[in-house]
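Following: one structure in structure tokens, then a few remarks.
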């Protein structure tokens, strides 16, 4: 039996191989915070 993937474990692979983003674009996406989990305060307020 294999484990389920961790949250975000395959994100970079999907961005590059499935969606066709370049390494630079993937870095920009990470740097923008678009893939970060919501902040606790925003989650509690129903924002994000």
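Residue numbers (the working numbering): 48 to 95. Ideal Cβ positions, reconstructed from N, Cα and C, are used throughout, including at glycine. For clarity, every value in this text was computed on a predicted model and none was experimentally measured.
Cα-Cα separation, residue i to residue j
| i | j | result |
| --- | --- | --- |
| residue 74 | residue 50 | 27 Å |
| residue 64 | residue 86 | 29 Å |
| residue 57 | residue 83 | 14 Å |
| residue 68 | residue 91 | 33 Å |
| residue 72 | residue 48 | 35 Å |
| residue 66 | residue 88 | 31 Å |
Distance CB(residue i)-CB(residue j) smaller than 8 Å
| i | j | result |
| --- | --- | --- |
| residue 62 | residue 76 | yes |
At which residue ranges does the stretch 55-82 contain complete alpha helix (DSSP H) runs of 4 or more residues, listed in the order of the chain? Entirely contained in the stretch 55-82, the alpha helix (DSSP H) runs reaching 4 residues are, in chain order, 70-79.
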